[in-house]
Structures are given as C-alpha cells and as structure tokens.
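*Asks:*
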Amino acid sequence: MLQVNVLRQNPEWVKERLAVRHFKNAGLVEEIIALDDDRKKLQAEFDNTQSKINSASKEIGKLMAQGKKEEVEQMKQDVAANKAQTTALTEKMNATEKALQEKLIQLPNLPSALVPPGKTPEDNVVVRSGGDDVKLPEGALPHWDLIKKYDLIDFETGAKITGSGFPLFKGKGAKLQRALIQYFLDYNTAAGYTEYIPPFMVNEASAYGTGQLPDKEGQMYHATEDNFYLIPTAEVPVTNIYRDTILKESDLPLKMTAWSPCFRREAGSFGKDVRGLNRVHQFEKVEIIQMVKPETSYEAFEQMVHHVERLVQSLGLPYRILKLCGGDMGFTSALTFDFEIYSAAQEKWLEVSSVSNFESFQANRLKCRFKDTSGKTQLVHSLNGSSLALPRIMAGILENNQTETGISIPLVLQKYFGAASI
RNA sequence: GGUGAGGUGGAUGAGUGGCUGAAAUCAGCAGUUUGCUAAACUGCCGUACGGGUUAAACUGUACCGAGGGUUCGAAUCCCUCCCUCACCGCCA
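At position 192 of the first sequence (counting the first as 1) the number is 288 in our numbering, and the numbers step up by one without a gap.
Structure (structure tokens):
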C-alpha cells in the first residue's frame, strides 16, 4: 500500500510512475487526496468537540465533589448535545476512512526508475544469461516421461488421494526433492539468512498484511471452519513475523530463509503448461526475505539476485535473468527480476525464481517500521525471492541431465542425495 | 473438547469509575562524577492521526488483547470474540 503522503507530495510523479505499469485508473490519485482532505477536516472537527466533552466531564467531577447538583445537570445537557455531534462525526469519519482505504488498496506499487517500459512478457529485458549449453541425447524425454521411467513421482495416485496437481513424490524422486531443499537452505544460511519453518496456514490479518487479501482471495485454499488460509508461499508467514513492529536500526538488515510447501488453487489456469511439474497446486519452495533500511534496498536487491544466480549456476542449469517490464510486474513490486531455466526437452523457459524489491509498499501495509538514529520512525523496505522453487528446478535437472543410462545428479547435490545418478 | 487463571508501555509489574497515557523497577539513550571498568547521581525514554514550526518547542484527539455497551466521565463496570498459561480428556 502506498503512503498517502507520497501521493500528496507529488501526485503528477505518482501518475507518471503508474503509467509505466499501464495502470488505467490514475484518477484514483486525486480521489484519494480529496478523501484524505475530508478525513483531516472531519478529524479536526471531531477532536474539537471531543475536547469540549472531556473538559466538561472533568468539570462535572469537580462540581460533584462540591455538591453543586443544578450546575451539573446543566452541563450534562451540554455534553449530550456535543456527544450527538461526535457520534455523527464518527460515522462520517469511518465511512471516509473506509472509502479512502478501499481506493488506496487499489493502487499498485510504483515501479522504480529501473523498470523498462512495456506491456507484456515479450517486453521483459534479458539482463544476462549463463549456464552450460545442453546437448541432449537422441530421443530425450520431457520430465513427465522421465518421472514415469524412473518412478519418481506418481501423479495419478496423487490425484486419487487428493486431486490433480497434488504430486506424490516417491523413492528417489522424494529423496531428490529433499536433497534440493537441504542444499538450498544450507546455501542460504551460509550467506547469513536465518532459517525458519513457519506455520503453513495463516489467519486473515496475515493474509492481508502481505497483500493476498482482499483481492487474491480465490487463489488461496481457505479452511473456512477456522478461517485460516493455506499459504501460497512462505513469504506470507515469514514476512508477517514483523507485522506491527518497530525495529531498532541496528536490527537491520534482517535476512530470513524458509522452506515451505506452497498451496495454490490456480483457479482459471487450464490446458497449457500444466503438464507434469510445470504447474501444480502443491509444491515446495525455499524463500529468502530481507527487511532493510530504505537507502540500502537496491543494494540488497543486487545482492539477492547474485545470491540466486550463483545457486542456479551451481546446479549447472542454463538460465537467464529477466528484468520485468512495467506491464508484467506484480502488483506489490517496485522492481522484479525473474529467473528462468531452459528446459531443452520442452524447448521452453521455466520460471524458477522471482526476486522483488517492494520498497515500503509491503511494509506500509504490514506496519513494519524502524527507529532511525535521529529517533524518527520510518518504514523498512522489504524484499523477497525464491531460492528456489522446487518443481521446475527438478524438471530442469531431470531433463537437462538425462543420459542414455540414467540421470546424473549435479555435483553440489550428490552429498545430499547420496549418489551420483538416478 | 472441559475447567480454572490471565491479557496494561521494550521487559517485570501497580492500578476496580474522575487527581492515570498510565506508579515503581529493570533495560535503553544523553549527561555529571570517577585514573579505567563498575557504581552513584540527573534528565530523557509508547504509537497513530491532526494543529503548529524552516526544524523543534508546544498543543488537540485516540489507543491499557479486539469489538460492542453502560456512564457526564472507563485500563477500571457489563456483553461477545480472540489469544496465553495451568490442569483434565484426546492425540502425532
């Protein structure tokens, strides 16, 4: 959520930034400022009236002590009149605030100056690419066939147990998954990230805090009996650790990593790209998150991008890094780099990570602030990224490392997997 | 799930209707003293939204788990909900 003050200070600049996203409803900016003006006026009025009530009440207390009954009765009537006024004002204020909030929440984050123009994924800019060229053997298979061939994941039984998109990992498939998770976490903690295993369900307040609610309601699984949501990413519970907190400047930067299963309903995505591990309802992911001082967030962003890049490199996968254009960026992000690995067997790029700087957008909603050295309270900047999403990484490893005799395991994973090949 | 006890500022903890935005202690910050450390002493030390100011000072309002209610006046009384702790039941 953007801060109203930012809109007030520079509405034209805000609109320019929104245009980079091709955000249509720029009129919201003025509407919000107008509502905020109303809010201020109402509050001033309310405060005045309430102040009268408060002083009258104190006076009444004193008069009561002196036993001056008649005067007290007179004052009570005055207070009653004022009170009727505050009740009316409160109602107006609540309505105004609600309208303000509703509009404010519709504004996406402002793209940073680094964001390239453009509307669709085709307009994303390749920052760099790397990794080994892959030479696949004759008759190379896509991962869904390899999975069958080596009996690594049983999609059919997963569908029987739960439904389609709930893979059942099995034998070496399960072990490879575990090896990857372990490797990723070790890699992250070695870089100074504190490891967490968060709750996998969150309450409404948390889902709201990271922006899943109110608008992405349909994308989460919802346990209605208890009003909990299954997390779509570890970002939700981990970021909410710092909901409603005021940190010390010396606490920053905070670096966290967490493994978790991720549950996504993926309502509305049919047909294309859903084969095998390309798109599932339950998958696992290791996430990295940072909360930093505003002036260092782009430094932290670079750091995170390099961190993820080295991780992808270590697996020997061909990859590219995309700088998302204004039109393709997520609602809450100010700058996003996507990581894609190349699946030679599918002849397709698969997204395996997305690193974003939210600047203060998420922190504002979350109310995560810190006290700077001059004693002023300000919002932190938050960032996150995957390191990495498991299914597509596994798909990539299986496809790109297949040989006539089996699948070779990347060197860095061998000590976790316990073998050099499948 | 049952029963009981609780939820107050960074922490401990007082406060059962007006003098309490909140005692006291600890931690923290600034300073004085001291050869250093330590100790002692003095001051400061919640958040949000307004007004005010170059910035402060100053000032209004709200907030004592959340939401309602009673009252001229609520941290304090009443109702609902949430959470924590203890014991019992069930259970990985």
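The beta carbon of each residue, even a glycine, is placed where N, CA and C say it ideally should be.
Within 10 angstroms of its Cβ, does Trp109 collect 16 or more other Cβ (buried), or is it exposed?
*Replies:* Label assigned to Trp109: exposed.
*Asks:* Buried or exposed for Glu391, please, with buried defined as at least 16 other CB atoms from any protein chain shown within 10 angstroms of its CB.
*Replies:* Classification for Glu391: exposed.
*Asks:* So the candidates are Ala180, Val116, Lys266 and Asp247; which of them puts its Cα closest to the Cα of Pro207?
*Replies:* Cα-wise, what sits closest to Pro207 is Val116.
*Asks:* Is it buried or exposed for Val222, if we count other Cβ within 10 angstroms and need 16 for buried?
*Replies:* Exposed, because fewer than 16 other Cβ atoms sit within 10 Å of the Cβ of Val222.
*Asks:* Less than 7 Å between C-beta atoms, sequence neighbours within five positions excluded: which residues of the same chain meet that for Leu348?
*Replies:* If we look at Leu348 and ignore the five residues flanking it on each side, its Cβ neighbours are Met387, Val388, Lys389, Phe466 and Val476.
*Asks:* Buried or exposed for Pro310, please, with buried defined as at least 16 other CB atoms from any protein chain shown within 10 angstroms of its CB.
*Replies:* It counts as exposed.
*Asks:* With which residues is Ser356 paired in a DSSP beta bridge?
*Replies:* Ser356 is bridged to Lys381.
*Asks:* Can Leu210 be considered in contact with the ligand HEM, in the sense that its beta carbon sits closer than 7 Å to one or more heavy atoms?
*Replies:* Ligands displayed in this structure: none; no statement on the ligand HEM is therefore possible.
*Asks:* Using only CA atoms, which one of Ala236, Asp174, Ser450 and Ala152 lies nearest to Thr499?
*Replies:* Checking every option, the nearest Cα to that of Thr499 belongs to Ala236.
*Asks:* Should Lys231 go down as buried or exposed, given a rule of 16 or more other Cβ atoms within 10 Å for buried?
*Replies:* Under this definition Lys231 is an exposed residue.
*Asks:* State the Cα-Cα distance for the pair Lys444 and Ile437, rounded to the nearest angstrom.
*Replies:* Taking the straight line joining both Cα atoms gives about 8 Å.
*Asks:* Can you give me the Cβ contacts of Ile489 inside the same chain, cut-off strictly under 6 Å, excluding the 5 residues immediately before and after it?
*Replies:* The answer, listed in chain order, is Val448.
*Asks:* Would you tell me roughly how many angstroms separate the C-alpha atoms of Thr258 and Gln273, rounded to the nearest one?
*Replies:* Between Thr258 and Gln273, the C-alpha separation is close to 20 Å.
*Asks:* With a cut-off of 8 Å, do at least 3 Cβ pairs link the segment 208–228 to the segment 412–420?
*Replies:* Segments in contact, yes.
*Asks:* Thr192 and Leu131 look like a contact to me (Cβ under 8 Å); what is the Cβ gap, rounded to whole Å?
*Replies:* With a Cβ gap of about 6 Å, Thr192 and Leu131 count as contacting.
*Asks:* Would you call the segment 121–137 and the segment 197–213 in contact, with 3 or more CB pairs under 8 Å?
*Replies:* The answer is yes - the segment 197–213 touches the segment 121–137, with three or more Cβ pairs under 8 Å.
*Asks:* If you follow the beta strand (DSSP E) that Asp247 is part of, which residue opens it and which one closes it?
*Replies:* No beta strand (DSSP E) contains Asp247, which DSSP labels as neither H nor E.
*Asks:* Can you tell me which of Lys351, Gln399 and Leu326 puts its alpha carbon nearest to the alpha carbon of Tyr289?
*Replies:* Ranking Lys351, Gln399 and Leu326 by Cα distance to Tyr289 puts Lys351 first.
*Asks:* Report, in whole angstroms, the separation of the C-beta atoms of Leu479 and Phe359, which I expect to be a contact under 8 Å.
*Replies:* Incorrect: roughly 23 Å between the Cβ atoms, too far for contact.
*Asks:* Can you have a look at Lys419 and say buried or exposed, based on whether 16 or more other CB atoms are within 10 angstroms of its CB?
*Replies:* It counts as buried.
*Asks:* Would you please state the rounded distance, in angstroms, between the beta carbons of Thr341 and Glu291? I believe it to be under 8 Å.
*Replies:* In fact, because the Cβ distance is near 20 Å, the residues do not count as touching under 8 Å.
*Asks:* Grab the span of the beta strand (DSSP E) containing Ser456 for me, first residue to last.
*Replies:* Careful: Ser456 lies outside any beta strand (DSSP E) and carries neither H nor E.
*Asks:* Determine, using beta carbons only, whether Leu494 and Ile505 come nearer to each other than 8 Å.
*Replies:* For Leu494 and Ile505, no; Cβs fall outside 8 Å.
*Asks:* According to DSSP, which residues form a beta bridge with Lys419?
*Replies:* DSSP lists Val221 and Phe433 as partners of Lys419.
*Asks:* Does the distance from the CB of Ala542 to the CB of Val175 come in under 8 Å?
*Replies:* Absent from the structure is residue 542, since the part of the chain shown begins at 97 and ends at 518.
*Asks:* Going by Cα to Cα distance, which pick from Gln278, Ala195, Thr285 and Arg461 is closest to Asp133?
*Replies:* Closest option to Asp133, Cα to Cα, is Ala195.
*Asks:* Are Ser393 and Arg339 closer than 8 Å when you measure CB to CB?
*Replies:* No, they are not a contact pair.
*Asks:* First and last residue of the alpha helix (DSSP H) that includes Ser151?
*Replies:* Leu124 to Gln162 is the span of the alpha helix (DSSP H), which, as asked, contains Ser151.
*Asks:* Can you say whether Arg113 is buried or exposed, counting buried as having 16 or more other CB atoms within 10 angstroms of its CB?
*Replies:* When all chains shown are included, Arg113 counts as buried.
*Asks:* Between the C-alpha atoms of Pro233 and Val376, what's the straight-line distance to the nearest angstrom?
*Replies:* Cα to Cα, Pro233 sits roughly 28 Å from Val376.
*Asks:* Drop a sphere of 10 angstroms on the beta-carbon of Lys215, count the other beta-carbons inside from all chains shown, and report buried for 16 or more, exposed for fewer.
*Replies:* The residue is exposed, with fewer than 16 neighbouring Cβ atoms inside 10 Å.
*Asks:* Using three-state DSSP, classify Gln173 as helix, strand or coil.
*Replies:* The answer is helix: DSSP assigns Gln173 an H, G or I state.
*Asks:* What do you reckon, are the CB atoms on Gly267 and Leu248 nearer than 8 Å?
*Replies:* The answer is yes: Cβ separation under 8 Å.
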